[in-house]
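Letter by letter, the sequence shown follows residues 1291 to 1354 in the working numbering. Where is the CB? At the ideal position from N, CA and C, for every residue including glycine. Report on the structure given below.
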Amino acid sequence: MVITVKERDEDHMSHDANNAGVRMWDVYQGDVLVGVYHSEADALKYKALLESGRLDSLKAPPKG
């Protein structure tokens, strides 16, 4: 699965956030938004965590 980090564009932020100069980064796993961060460094850390597979063990066990 491809994981990407993109800076959120002004069209997808509130007017207040734009006026305050807030910048946000979205983390996508495929086409699914899986995280939103105020710092690019934090978004990249989360991307690395997803790519490492260390979160795989946190998945819920199958119902049965």
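| Asked | Found |
| --- | --- |
| Reference residue 1294; option with closest CA among 1304, 1317, 1300 and 1305 | 1317 |
| Delimiting residues of the alpha helix (DSSP H) encompassing residue 1330 | 1330-1342 |
| First and last residue of the uninterrupted beta strand (DSSP E) at residue 1316 | 1315-1319 |
| Alpha-carbon to alpha-carbon, residue 1338 and residue 1346 | 13 angstroms |
| Beta-carbon separation (whole angstroms), residue 1232 vs residue 1333, contact threshold 8 angstroms | Since the first residue of the chain shown is 1291 and the last is 1354, residue 1232 is not available in this structure. |
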